[in-house]
Amino acid sequence: MKLKLHYLLFLLMLASCGGAKKITDIENASAKEVIAAHKAAAPNFKTLAGRVQLVYETDEKLQSITVSLRMEKDKNIWIKASVLGITIAKVLITPTSVSYYETIGKTYFEGDFALLGEWIGTPINFQQAQNLLLGQSIFTLNPSEYTATVFQNSFKIQPKQQMQNFIHSVFLNPKNFKIASETLSQPNDERLLSIRYGDYQTVGDQFFPSTILIDTSEKGLKTKIEMNYKKIDLNADVSFPFDVPTDYEKIQLN
């Protein structure tokens, strides 16, 4: 069977990386094969320490922040945000809670994931936050519920039946089967989430994002987040210090 030119180019791209051995029939690749390759691309580590330059933009403010990021996979995500070398906030995320304090207004929060969803601009839990930071799909991809096709030299994964208020699609990078982009639209709630990834960097023999661009919109309120990883170290000894100063005021979300 003759391949069309764009399939041939796609095949050559896959042949240049390790993922080519997992999928040999590109045009007829099954959702099971593609999703399995994506899951296999998930980084395997115990701890991660990174430095991230983050730009956070809403309709009301624009702020550039230096972030120290630490992770204990599946257990803790720790963030220290600084401006000009001065700590302005710390965040500790576990599978069951989000804790946060900021030094300017001297306030803190301890509770569920509503705060994290407010920052990102869309509801999100621990596993989704971890996957987002690692270039993995934030939603569970079940081969029995999704289809996979070749589209513009990428694998496009989408539900066999899109629900009226949950329109989801994923594009996988053919070089490493990591996420190139992921979108979720909920028209009834006037909510849109778009996550795009730039080039991936290799740490050891694993792929990690270099750039993450997050755009969200809910009822006309827009949030943009750009994350640029400057450094990633794996399996170093890390701690997750988080002690709220005694004179800080606890805040509640409406």
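Here the sequence shown stands for residues -20 to -1, 1 to 234, numbered as in mature numbering (1 follows the signal peptide of the UniProt record, and there is no 0).
Where is the CB? At the ideal position from N, CA and C, for every residue including glycine.
Residue pairing by DSSP places residue 186 opposite 183 in a beta bridge. For the segment 72 to 144, the full-length alpha helix (DSSP H) segments reaching 4 residues or more read 94 to 100, 106 to 114 along the chain.
Of 50, 120, 97, 199, the smallest CA-CA separation from residue 39 is found for 199. In the same chain as residue 195, and ignoring 5 residues on each side of it, the C-beta atoms closer than 7 Å to its own belong to 174, 204, in chain order. For residue 163 and residue 193, the gap between their C-alpha atoms comes out near 12 Å.
In the structure shown, residue 215 falls within a coil segment according to DSSP collapsed to helix, strand and coil. Annotated three-state conformation of residue 147 is strand, per DSSP.
Cβ contact annotation for residue 216 (same chain, cutoff 8 Å, sequence separation greater than five): 27, 29, in chain order. Shown here, residue 69 sits in a strand according to DSSP, grouped into three states. Membership of residue 15 in the alpha helix (DSSP H) is indicated by the continuous run 11 to 20. In this structure, DSSP gives residue 156 a state outside helix and strand, which the three-state scheme calls coil. Counting only residues of its own chain and dropping the five nearest sequence neighbours on each side, residue 178 has a CB closer than 6 Å to the CB of 190, 191. Setting aside the 5 residues that flank it on each side, residue 36 is surrounded in the same chain by 43, 45, 205, each with a C-beta closer than 7 Å to its C-beta; the list follows chain order. Each residue's CA atom was taken as its position, placing residue 130 and residue 16 some 16 Å apart. Closest by C-alpha distance to residue 55, out of 64, 33, 109, 22, is 109. Given a length threshold of 3 residues, each whole run of the beta strand (DSSP E) inside the segment 30 to 58 is given here in chain order: 42 to 52.
Annotation for residue 195: the continuous beta strand (DSSP E) segment containing it runs 191 to 198. Within the same chain, 123, 126, 127, 128 come within 6 Å of residue 11 by CB-CB distance, once the 5 residues on both sides are set aside. DSSP, reduced to helix, strand and coil, places residue 168 within a helical segment of the structure shown.
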